[in-house]
Structures are given as C-alpha cells and as structure tokens.
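Student:
Numbering (my numbering), first residue to last: 6 to 257.
1. For residue 194 and residue 46, I'd like the C-alpha separation in whole angstroms.
2. Going by the beta-carbon positions, is the gap between residue 196 and residue 212 smaller than 8 Å?
3. Mind checking which residues open and close the alpha helix (DSSP H) that includes residue 224?
4. Out of 37, 172, 181 and 173, which one is the CA nearest neighbour of residue 164?
5. Is it right to say residue 96 is buried, meaning 16 or more other beta carbons lie within 10 angstroms of its own, or is it exposed?
6. What are the complete alpha helix (DSSP H) segments, minimum 4 residues, inside the segment 36–70?
7. In angstroms with no decimal places, state the Cα-to-Cα distance between residue 28 and residue 189.
8. Just to confirm the assignment, what range does the alpha helix (DSSP H) spanning residue 190 have?
9. Given a threshold of 16 other Cβ atoms within 10 Å of its Cβ, counted over all protein chains shown, does residue 35 qualify as buried or as exposed?
10. In the DSSP assignment, find the unbroken beta strand (DSSP E) run with residue 207 in it and report its ends.
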C-alpha cells in the first residue's frame, strides 16, 4: 500500500495570550509583540513548507500570524497511527493555533506541526523544493538511518529530517527509517547538518559529511513541557472576558 503523503499543517489551539495584532508596532516581516518584544512573523500567504523551514532554520523562537484558512484542519489521514502516545498524530514542526479569527503566537518553546494527507512528500521519500525528486547517486551522497525514542527505543513515525539551511527534507517511515540524498555541491562547502524535529521531542542536530559515516541512527529525548500562546486579532466581548476571569480559579 502506498504511504500517506503530506503538505498541510495542523496548528492546534493552545493557551490564549492577551495581546492583539492590531495593537502591535509594525516592523519588517511582521509586528513587535507589546508583551514580550518578540517578532510576530506574518505567515499569511506562505506555503506550509516555507513555514516549516522557517522554524527549522531559526535559532530562536518563532512567533507567527496565520490566516483563518491556514488554521483549518482538513483531510487528516491517521489510519496507520493507532498505538503509542507518540503515534497519536503526524507531528513535526511549527506553532500557533486556532481562534475565531487570525492568530499569532506568543513565546513558543517548541514548534508543532501536524502532517496531513497531501500530494507532495511521501513518508521515507526525499523532497527537494517541495517536489518529489530523485537525486542521481553520482551527484549526491545517500545518508540513511533510523530514529527511535530514547526512553523505550521504539521507532518514531513521521519525523521530519531537514538538511539545515536548505529545502531538502524527508520523513521517517512506519519503522522509523529514513533515507536522504545530499548533493555533492553541499559537501564541497564542508560538512552538512541534519535537523530532526517532532512534536513532544527535543530537536536534534546531527553533523554529516565525507569524513563521517553514512549510516546515522538517532534517538530523540522526550520534551514534555510545551507552552505556546495565541494572539487574536479580535478582542473577545466583555461578557466572555468577565466569564473567563470568574472561572479562571477553577481551570487547570
């Protein structure tokens, strides 16, 4: 049976921040949060791959503003994911979550992305610039391996592996295995770095190059504390704000 494929992000609703987009100071690439002074990037109109790669290639936290359409959850295919807590969804990179209108995040700590059914990257198959592409052996070096949970050593399905600072990426299959072709043009610049990302795990970076092995098995450590917020472009009605304030002591 053909493996499921992906191109959509599912940005789940988490904690709501009390900051509002229209109250933030405009700047190049977005606005400045009035609470934490972080840059809130404007991701409206960006592709899912562009958003994911922004998170992977950014050294610090990435906050963003999304359109309502981007936040919709469509065509989720989870038929093959049944057991284990880490198999409950196809997850990998990004932040920010839903509300009635466009939202922005505040102080994210770990990107979250749910990989949905699509027509682009197949699990275990390499993608270059958003399209399926076979790289000639003579033009590249093949890196392969297996990704497992550091606690129970079980394979992790749906991990996104990206060649840092490029659009070259792949996903692990149901056995946690991956294969990725790195063009010789990158080796000519020195060693390359693979970035492994999955929701609920600490991101890991691995150096690969001609002087290293071409087989790399990786274990990822669980990262249980994830705190993200959303910022709405619309202030809730007064009665909702009063109700939220009154019920706050009873919420976990």
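Virtual Cβ for every residue (Gly too), placed ideally from N, Cα, C.
For clarity, every value in this text was computed on a predicted model and none was experimentally measured.
Tutor: Per the coordinate set shown:
1. 30 Å
2. yes
3. Where residue 224 is concerned, there is no enclosing alpha helix (DSSP H), although the beta strand (DSSP E) it sits in stretches over 223–225.
4. 181
5. Confidence in residue 96 is poor, its pLDDT being 35 and thus under 50, which makes the residue's placement too unreliable to answer from.
6. 53–61
7. 48 Å
8. 189–192
9. buried
10. Careful: residue 207 lies outside any beta strand (DSSP E) and carries neither H nor E.
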